[in-house]
Amino acid sequence: MKRSFSDEDAWMDNLLKEDPEYKLSDDFADKLITKIDAVESVRQSVYEFLIIVGLFVVILGTFLVTYYFFKNDDFIALSSILDNSYTLSIAVIALFILFADKVLLSVLSQLKRL
Numbered sequence: 008m009k010r011s012f013s014d015e016d017a018w019m020d021n022l023l024k025e026d027p028e029y030k031l032s033d034d035f036a037d038k039l040i041t042k043i044d045a046v047e048s049v050r051q052s053v054y055e056f057l058i059i060v061g062l063f064v065v066i067l068g069t070f071l072v073t074y075y076f077f078k079n080d081d082f083i084a085l086s087s088i089l090d091n092s093y094t095l096s097i098a099v100i101a102l103f104i105l106f107a108d109k110v111l112l113s114v115l116s117q118l119k120r121l
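Per the working numbering, the sequence shown starts with residue 8, numbered consecutively.
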């Protein structure tokens with residue numbers, strides 16, 4: 008089954024044969040690859056950070072559920088330790104340090120390269 012040569016096909020054929028009206032710089036591909044590499048590197052760093060945080064939450068949750076199952080009477084004392092403001096402050100500082108190490112350093116090094 009042969010297609011007929013329509014006006015759209017002729018127009019597209021002419022467009023593909025013409026020279027473009029713009030020129031790309033000689034290092035266009037290198038700049039594009041550098042930018043794509045920077046974006047992918049930051050995405051990978053954020054992904055690693057989220058995996059580490061998720062793993063920590065799963066391990067902590069497993070510990071708490073197991074502790075609650077075996078030592079139900081002492082669980083209230085453990086939960087009071089976890090609920091105080093010092094534990095929250097330490098956790099926020101630790102998360103910020105981990106975020107700075109995994110994500111911010113990667114972002115800043117990528118910006119320095121660009």
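Where is the CB? At the ideal position from N, CA and C, for every residue including glycine.
By the neighbour-count definition (other C-beta atoms within 10 Å, threshold 16), SER113 is a buried residue.
Contact annotation: LYS119 and PHE56 have beta-carbon atoms that are not nearer than 8 Å. Using a 10 angstroms sphere on the CB of SER52, the tally of other CB atoms reaches 16 or more, which defines it as buried. With distances taken between CA atoms, LEU111 lies nearest to SER48 out of LYS42, TYR29, LEU23, SER48.
A contact is defined here as three or more CB-CB pairs under 8 Å, and the segment 85-92 fails this definition with respect to the segment 19-36. With contacts defined by Cβ atoms closer than 8 Å, TYR74 and LEU85 form a contacting pair. In this structure LEU115 does not touch ILE59 by the C-beta definition: roughly 19 Å separates them, more than the 8 Å allowed. Counting along the chain, SER48 sits inside the alpha helix (DSSP H) bounded by residues 35-77.
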